[in-house]
Amino acid sequence: MRDDEEYRDHPVRSYVLTSGRAHPTRNTLRPETLLVAVDGRPAPATASGQQRELLRLCRGTLALAEVAAYLGLPVSLVAVLVSDLVDTGHLTIRSNHQAHALPSRDVLEKVLDGLRNL
Amino acid sequence: MDSVTSEQPVRSSQHLAPTVARSVKVLVVGAFGVGKTTLIGSVSEIEPLRTEEVITTASVGVDPVAGHGEKTTTTVAMDFGRVTVSPEVALYLFGTPGQRRFWDLWAGLADGAVGAVVMIDTRHLEDSFEVLDQLELRTTMPFAVVVNEFPDAPQYPVERLRAALDLLPSTPIVKCDARDRTSAVRVLVALVEHALTFPVFQKVLA
Ligand SMILES: Nc1nc2c(ncn2[C@@H]2O[C@H](COP(=O)(O)OP(=O)(O)OP(=O)(O)O)[C@@H](O)[C@H]2O)c(=O)[nH]1
Ligand SMILES: [Mg+2]
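Line order of the protein sequences matches chains C and X.
The numbering used here puts the first residue of the first sequence at 28, with every later residue one more than the last.
The numbering used here puts the first residue of the second sequence at 703, with every later residue one more than the last.
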């Protein structure tokens, strides 16, 4: 199966990387969470190639899922990379989503107006 | 895999405008081939993107290295697109197979969603029973049912579909050509209007 070929090494890596970690930022990350690199901060010397690429992608605002798609990595793995870079002050969460919080009525009305005017 | 990284450099035009500081999402669910990616592509301001999650069946809480032989992996793909609906707000559309067990593979996919667009093919109505059951029994998420009009599909009056799918009188049922942007946008308008009638959205959150 093609997918097995392409993604063979991901399940192990992503579960090893995510297991047992308790980053506070991880709980607020969703696929639509907006991210942007902190202006002018170079990647930490210890950053992996993936983290450098991630910071490069985030020179403008993108959602976590977009970053994952451009990196060709699963969202669950990219969430871990993101949370590390947020903790070290290299990446900012532009849109903060509290766990289980729904958008406010005000935001939904903006969405509705925007859709009607597309 | 890592080569994908350098092959797809993000163009700056694919970044959101710097004023956008809020994102909301809608799930687009439905059986295989029902038109999820088409609907997303019709509305999206970027080429729809794709990301995949690989799950080993016995993965959670289990040492992935041990017991190699007994594990099977499942790859679940998610297609998505985005549309900036106001200077501050971007709407993301995440398309995934309908079964709840697939969304559960994605951390946070259902969490906080405005609602779901459930795409129905009238040639295979029974394919939508499971997702509708899941939405009604296991979530309080607003949803709208979209009937994609395939040329060879039987045409049912909306009220017959409502009865056949056992939907509440308030659930929007919208006929749509997912290839047409106006038609696809109308579906999203119907969903958000419907969501705004839900008690949970009545209160203005500070
Ligand atoms: N006539 C008609 N054809 C459609 C419509 N929507 C989608 N199609 C066609 O149906 C086929 C499948 O559409 P997709 O958008 O790939 O369906 P999907 O749900 O993303 O499929 P999977 O991701 O494989 O589950 C494509 O050839 C589309 O062009 C529609 O509203 N009307
Ligand atoms: Mg698709």
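Where a beta carbon is used, it is the ideal one built from N, C-alpha and C, also for glycine.
Chain X contact residues for residue i, given Cβ-Cβ distances below 8 Å
i: C:A72; result: Neighbours of C:A72 on chain X: none; closest Cβ ~20 Å, over 8 Å.
i: C:V134; result: R724, V726, V791
i: C:R148; result: Residue 148 of chain C lies beyond the stretch modelled for chain C, which goes from 28 to 145, so this question has no answer here.
i: C:V138; result: V726, V787, S788, V791, L793, V816, V894
Distance CB(residue i)-CB(residue j) smaller than 8 Å
i: X:V816; j: X:V722; result: no
i: X:I742; j: X:G797; result: yes
i: C:L91; j: C:V109; result: yes
i: X:A880; j: X:S744; result: yes
i: X:N778; j: X:G800; result: Reading off the sequence shown, one finds Val at residue 778 of chain X, where the question assumed Asn. No.
i: X:L870; j: X:V819; result: no
i: X:S885; j: X:C878; result: yes
i: C:A128; j: C:L56; result: no
i: X:G732; j: X:M843; result: no
i: C:L82; j: C:L112; result: yes
i: X:E747; j: X:R784; result: yes
i: X:V787; j: C:L142; result: yes
i: C:L61; j: X:V887; result: no
i: X:L795; j: X:V736; result: no
Rounded straight-line distance, which links the Cα of residue j to that of residue i
i: C:Q78; j: C:A70; result: 8 Å
i: X:F782; j: X:E861; result: 31 Å
i: C:L100; j: X:A865; result: 43 Å
i: X:A719; j: X:H896; result: 28 Å
i: X:T752; j: C:A96; result: What sits at residue 752 of chain X in the sequence shown is Arg, not Thr. When rounded, the distance between both Cα atoms is 6 Å.
i: C:V65; j: C:S103; result: 22 Å
i: C:L84; j: X:L890; result: 29 Å
i: X:S761; j: X:G810; result: Residue placement at X:S761 is flagged as unreliable, the pLDDT there being 45, under the threshold of 50; a coordinate-derived value is accordingly withheld.
i: C:D31; j: X:M780; result: Reliability of the predicted coordinates at C:D31 is poor, the pLDDT of 37 falling under 50, and the value obtained from them is presented with this limitation in mind. Roughly 16 Å separates the two Cα atoms.
i: C:L139; j: C:S131; result: 12 Å
i: X:L839; j: X:S830; result: 14 Å
i: X:V756; j: X:W805; result: 13 Å
i: C:G87; j: X:R724; result: 14 Å
i: X:T899; j: X:T776; result: 37 Å
i: X:R883; j: C:A72; result: 46 Å
i: X:D835; j: X:D868; result: 10 Å
7 Å Cβ shell around residue i - same chain, five flanking residues per side excluded
i: X:T824; result: V849, A855, P856, Y858
i: C:N123; result: T55
Three-state secondary structure assigned by DSSP to residue i
i: C:L112; result: helix
i: X:F903; result: helix
i: X:I748; result: coil
i: X:L839; result: helix
i: X:Y858; result: coil
i: X:D813; result: coil
i: X:T924; result: Absent from the structure is residue 924 of chain X, since the part of chain X shown begins at 703 and ends at 908.
i: C:D140; result: helix
i: C:P71; result: coil
i: X:R674; result: Outside the modelled stretch of chain X, which goes from 703 to 908, sits residue 674 of chain X, for which no answer is possible.
i: C:G99; result: coil
i: X:F852; result: coil
i: C:T88; result: strand
i: X:F734; result: coil
i: X:R724; result: strand
i: X:T824; result: helix
Under 7 Å by beta carbon: chain C residues contacting residue i
i: X:E749; result: The contacting residues do not exist; X:E749 stays about 10 Å from chain C at best.
Chain C contact residues for residue i, given Cβ-Cβ distances below 9 Å
i: X:P720; result: V63, G87, T88
Where residue i meets chain X, residues with beta-carbon distance less than 7 Å
i: C:H174; result: A query on residue 174 of chain C cannot be resolved here, the shown segment of chain C reaching from 28 to 145 and no further.
i: C:G141; result: V787, S788, V791
Cutoff 6 Å; reference residue i; Cβ partners in own chain excluding five residues on either side
i: X:P909; result: Limits of chain X in this structure are 703 at one end and 908 at the other, which puts residue 909 of chain X out of reach.
Neighbouring residues, chain C, relative to residue i (Cβ below 8 Å)
i: X:H717; result: R86, G87, T88, L89
i: X:R752; result: A96
Within chain X, partners of residue i - CB distance below 9 Å
i: C:H127; result: D813, G814
Own chain partners of residue i with C-beta closer than 8 Å, once the 5 adjacent residues on each side are dropped
i: X:F734; result: P799
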